[in-house]
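Protein chains in written order, with our numbering: chain A, 1 to 112; chain B, 113 to 228.
Next up, the structure:
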């Protein structure tokens, strides 16, 4: 049973445009959400996170939106750059479990 | 500051052979994680250590997998014997327990295992 789902395996976006990556979850106990970015042959690196007490968190070009009622979060990258081309993983955690449940990832390709 | 170090980066073995992976976490990080990442999937937790103690090994297939973190720093993950289905990337991560309910995990580059 996949508790964290990323239904789009891949996404292509033109440089300078907005990239929107989506993630859905099923476990209502999740209260902390993260996005990790992964380049080939490297481990995932932390990008941005959001607590369930917020519905938006912004860091430079990256914004994460959380819709708790829909159990949905999204990552917006504006403007997209070729260096953003990577696999993006959504992850969720429940308070005190110290366990991240990852989605299957979305491969973003930003076209120059 | 050095990141999480893993070795080897790549390993190819015949099925039924043993294999071991090594991880050196970020200095000062008391929590260490081993994850398994199959092709096209996200990382899945195998085991979590707090210092020397394995506090969550519920996802570790104990018939063939073992792990240790004897001095609360470096860790080794072993598979014996390896099966074809063990081909995957094995990721190590570490975090510092700040007392928060959420501690950022830092990942190493992983070991890509191929079992023939």
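Quick reminder that beta carbons are idealized off the backbone N, C-alpha and C, glycines included.
If you're wondering where the values come from, they're calculated on a predicted model, not measured in any experiment.
Tell whether a beta-carbon distance below 9 angstroms holds between residue i and residue j.
{"i": "residue 123 of chain A", "j": "residue 26 of chain A", "result": "The displayed coordinates of chain A run from 1 to 112. Any statement about residue 123 of chain A would go beyond what the structure contains."}
{"i": "residue 203 of chain B", "j": "residue 177 of chain B", "result": "no"}
{"i": "residue 91 of chain B", "j": "residue 181 of chain B", "result": "No answer is possible for residue 91 of chain B: it lies beyond the span of chain B, which begins at 113 and ends at 228."}
{"i": "residue 179 of chain B", "j": "residue 151 of chain B", "result": "no"}
{"i": "residue 88 of chain A", "j": "residue 47 of chain A", "result": "yes"}
{"i": "residue 160 of chain B", "j": "residue 144 of chain B", "result": "yes"}
{"i": "residue 31 of chain A", "j": "residue 51 of chain A", "result": "yes"}
{"i": "residue 42 of chain A", "j": "residue 221 of chain B", "result": "yes"}
{"i": "residue 34 of chain A", "j": "residue 92 of chain A", "result": "yes"}
{"i": "residue 123 of chain B", "j": "residue 223 of chain B", "result": "yes"}
{"i": "residue 114 of chain B", "j": "residue 191 of chain B", "result": "no"}
{"i": "residue 65 of chain A", "j": "residue 71 of chain A", "result": "no"}
{"i": "residue 49 of chain A", "j": "residue 126 of chain B", "result": "no"}
Mind checking residue i: buried by the 16 CB within 10 Å criterion, or exposed?
{"i": "residue 207 of chain B", "result": "buried"}
{"i": "residue 77 of chain A", "result": "buried"}
{"i": "residue 103 of chain A", "result": "buried"}
{"i": "residue 200 of chain B", "result": "buried"}
{"i": "residue 214 of chain B", "result": "buried"}
{"i": "residue 83 of chain A", "result": "exposed"}
{"i": "residue 16 of chain A", "result": "exposed"}
{"i": "residue 154 of chain B", "result": "buried"}
How many whole angstroms separate the CB atoms of residue i and residue j, which I take to be in contact at a CB cut-off of 8 angstroms?
{"i": "residue 106 of chain A", "j": "residue 8 of chain A", "result": "5 angstroms"}
{"i": "residue 37 of chain A", "j": "residue 45 of chain A", "result": "6 angstroms"}
{"i": "residue 19 of chain A", "j": "residue 80 of chain A", "result": "5 angstroms"}
{"i": "residue 85 of chain A", "j": "residue 68 of chain A", "result": "Actually they are not in contact, since the Cβ atoms of residue 85 of chain A and residue 68 of chain A sit about 30 angstroms apart, beyond 8 angstroms."}
{"i": "residue 111 of chain A", "j": "residue 14 of chain A", "result": "5 angstroms"}
{"i": "residue 156 of chain B", "j": "residue 171 of chain B", "result": "7 angstroms"}
{"i": "residue 227 of chain B", "j": "residue 209 of chain B", "result": "That belief does not hold up - the Cβ atoms of residue 227 of chain B and residue 209 of chain B are roughly 34 angstroms apart, past 8 angstroms."}
Do the region 185-195 of chain B and the region 130-149 of chain B meet, that is, are 3 or more Cβ pairs less than 8 angstroms apart? yes
Which runs of the beta strand (DSSP E), 3 residues or longer, sit entirely within the region 51-84 of chain A? 56-59, 62-67, 72-77
Unbroken stretches of the beta strand (DSSP E), 3 residues or longer, contained in the region 175-218 of chain B: Fully enclosed beta strand (DSSP E) runs of 3 or longer: 177-180, 187-191, 200-207.
Output the residue ranges of the alpha helix (DSSP H) runs that lie fully inside the region 17-44 of chain A and measure 4 residues or longer, sorted by chain position. none
Taking only runs of the beta strand (DSSP E) that begin and end inside the region 133-157 of chain B, which ones reach a length of at least 3 residues, in chain order? 143-149
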